[in-house]
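Student: Each residue of the sequence shown is one higher than the one before, starting from 780 at the first, in my numbering.
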Amino acid sequence: MFNMNRTRWGFDWGEFILGILFIVAAYGLFRSPKIGLTGLAIIFAVMALLSGLTTIAGYRKLHEVTGIRANFALVFGILDILIAVVFFFDMNSAIVTLGYLFALWFIFDSIERLIVGSHLRSLGGGFFWVSMILDVLTLIIGIMLFINPVVAALSLNTLIAVFFAVFGVNAIWIAIARSRQ
Numbered sequence: 780m781f782n783m784n785r786t787r788w789g790f791d792w793g794e795f796i797l798g799i800l801f802i803v804a805a806y807g808l809f810r811s812p813k814i815g816l817t818g819l820a821i822i823f824a825v826m827a828l829l830s831g832l833t834t835i836a837g838y839r840k841l842h843e844v845t846g847i848r849a850n851f852a853l854v855f856g857i858l859d860i861l862i863a864v865v866f867f868f869d870m871n872s873a874i875v876t877l878g879y880l881f882a883l884w885f886i887f888d889s890i891e892r893l894i895v896g897s898h899l900r901s902l903g904g905g906f907f908w909v910s911m912i913l914d915v916l917t918l919i920i921g922i923m924l925f926i927n928p929v930v931a932a933l934s935l936n937t938l939i940a941v942f943f944a945v946f947g948v949n950a951i952w953i954a955i956a957r958s959r960q
């Protein structure tokens, strides 16, 4: 991931580690549903920051493969980091707007992956389609959160844990797929 001078992806350790972290975060949310909103906001901030940094770190390689569409990934990576900054430095606002901010983050990341996911086609249809299905699933979860933030707030832990799990599995899937390129 960090050696951007290669012409082939190889195994994407950054994406793989991100996937593992998302799955661990999902497990933690499932295991301790009484987690406080402050803890949830901190977890969210850390995951948004890691997601943004991983996206930006892979930008150059993604640009080589997908062309100008990689710019969407760069913009969404920056948005991830900005959302993380809001959560880290204004915790009260983060808690009040948690439902909406989670929804926007889920929507941004899902759209970014749908836009740049075409590079997985060259690895075989299975890798591409599984990734697309997982991205559409996370986009639907994000839209559900955005449309009804009150209901989302009541079921936030479960919805977020499901999103983290699906996003984590997809990140691991992409890391494995890139190793076949």
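Glycine is no exception: its CB is placed at the ideal position from the N, C-alpha and C atoms.
Is the stretch 937-956 touching the stretch 916-927 in the sense that three or more CB pairs, one from each, lie closer than 8 Å?
Tutor: yes
Student: Can you give the Cα-Cα distance for ALA805 and ALA950, rounded to whole angstroms?
Tutor: For the purposes of this step, residue 805 is taken as the residue at position 26 of the sequence shown. For the purposes of this step, residue 950 is taken as the residue at position 171 of the sequence shown. Taking the straight line joining both Cα atoms gives about 14 Å.
Student: Can you tell which of PHE885, ILE886, LEU819, ALA954 has the C-alpha that lies nearest to the C-alpha of PHE907?
Tutor: Taking the sequence shown and counting its residues from 1, one reaches residue 907 at position 128. The shortest Cα separation from PHE907 among PHE885, ILE886, LEU819, ALA954 belongs to ALA954.
Student: Is ARG848 near LEU902, with beta carbons less than 8 Å apart?
Tutor: Within the sequence shown, residue 848 is the residue found at index 69, counting from 1. Within the sequence shown, residue 902 is the residue found at index 123, counting from 1. No; because the gap between Cβ atoms is not below 8 Å, this pair is not in contact.
Student: Using 10 angstroms around the beta-carbon of THR775, count the other beta-carbons present and answer buried if the total reaches 16, otherwise exposed.
Tutor: This structure does not reach residue 775, given that the chain is present from 780 up to 960, and the question cannot be answered.
Student: Using a 10 Å radius around the Cβ and a threshold of 16 neighbouring Cβ atoms, would you call ARG803 buried or exposed?
Tutor: Along the sequence shown, one-based indexing puts residue 803 at 24. For the sequence presented, residue 803 should be read as Val rather than Arg. Looking at its Cβ environment, which holds fewer than 16 other Cβ atoms inside 10 Å, VAL803 is exposed.
Student: DSSP three-state call for ASP914: helix, strand or coil?
Tutor: The residue you call residue 914 lines up with position 135 of the sequence shown. Residue state, collapsed to three classes: helix.
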